[in-house]
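Quick note: to get the working numbering, add 2 to the position in the first sequence (first position is 1). Virtual Cβ for every residue (Gly too), placed ideally from N, Cα, C. Remarks on the structure that follows.
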Amino acid sequence: MQPDALIPRKFFDRPATEVGPELLGCVLSHRTADGVVAVRITEVEAYLGQSDPASHAYRGPTARTEVMFGRPGHVYVYFTYGMHYCVNLVCQPEGTASAVLLRAGRVLAGEELARARRPSSRQDLDLASGPARLCQALAIGRAQNGTDACAGTSALQVRSSQRSYDEKICQGPRVGISSAAEEPWRYWIEGDRTVSPYRAHVPRRREARGK
DNA sequence: ATTAGGATCTTCT
DNA sequence: GAAGATCCTAATG
């Protein structure tokens, strides 16, 4: 693949565990009325759909997960914890759900815009260091769900890798999930300071009832 | 540096 | 009705 070229759709026509590590170093950009913000992807997680208990698609298609069952190379955005969005890139052919969650990136372009969108970031490294932070920095939300990341006409696009050969890829368990917690389907670029810290799943303390 | 709690609402059981 | 692919702030060692 040529550097800076749009990634061809067939790149995504494989399980997320194959696509995920290869997305490291690729560039995600989003053009809005305010300008463009682009990040170099430094951390991802693979979700394998109906064979993966941690995947939103585990129990089959629903209104929320229908795009995961759709065409590869499209964007699956979900809303979580009552306030955050996270982005995935859909993998495998239509009918099979599989997706790569984009967990962190390093801002390459549009830093000023990204900072304005993320006033709570203390340093530039934090701007897209976490799946919801990345969405905030790039202004990704409901409107981007189902859009095509492989089309030249799209506002949100992924372009090919410029990863150098001396950067090593690491692999380990996924962050913040309760089922299939041991599967090593999180991938990141070794030593990159934008990679989000690992956190094991903590069940939220239930509201005290009765009394 | 690490930890604990709160915010907030959609989704599926 | 409960949990959740998270983040932020404040408090503590």
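Terminal residues of the continuous beta strand (DSSP E) containing residue 173? 171–174
Nearest to residue 185 by CA position, among 4, 57, 43 and 9, is which residue? 57
Report the residue ranges of all beta strand (DSSP E) runs contained in full by the region 101–148; include only those spanning at least 3 residues, in chain order. 101–111
Give every residue of the same chain whose Cβ lies closer than 7 Å to the Cβ of residue 164, excluding the five residues on either side of it in the sequence, and list them in chain order. 5 and 27
Measure the C-alpha to C-alpha separation of residue 212 and residue 65 and round it to an integer number of angstroms. Below a pLDDT of 50, predicted positions are generally treated as unreliable, and residue 212, at 34, falls in that range; the measurement from the model is reported next regardless. Using only the alpha carbons, I get a separation of about 35 Å.
CB-CB under 7 Å to residue 1, same chain, minus the five flanking residues each way: which ones, in chain order? With the chain covering 3 to 213 only, the question about residue 1 has no answer from this structure.
Length of the line joining the Cα atoms of residue 36 and residue 85: 22 Å
Thinking C-alpha only, which one of 188, 201, 204 and 73 is nearest residue 236? No answer is possible for residue 236: the residues shown for the chain start at 3 and end at 213.
Decide if residue 168 is buried, meaning its Cβ has at least 16 other Cβ atoms within 10 Å, or exposed. exposed
Would you mind reading off the limits of the alpha helix (DSSP H) that contains residue 44? Not the alpha helix (DSSP H): residue 44 falls in the beta strand (DSSP E), residues 37–49.
Mark residue 96 as exposed unless 16 or more other C-beta atoms lie within 10 angstroms of its C-beta, in which case mark it buried. exposed
Residues in its own chain within less than 6 Å of residue 176 by CB, not counting five upstream and five downstream? 47, 187 and 188
For residue 204, does the count of other Cβ atoms within 10 angstroms reach 16, so buried, or fall short, so exposed? exposed
For residue 91, the residue or residues it bridges with in DSSP: 77 and 102
Endpoints, the beta strand (DSSP E) within which residue 30 is located: 29–34
Determine the direct distance from the alpha carbon of residue 140 to that of residue 154, and round the result to whole angstroms. 18 Å
Same chain, Cβ closer than 7 Å to residue 210, neighbours up to 5 away in sequence not counted: With a pLDDT of 44 at residue 210, under the threshold of 50, the modelled position of that residue is not reliable, and no figure is offered here.
Would you decide whether residue 1 is buried or exposed? Buried here means 16 or more other CB atoms lie within 10 Å of its CB. It is not possible to answer for residue 1, since the shown part of the chain is limited to 3 through 213.
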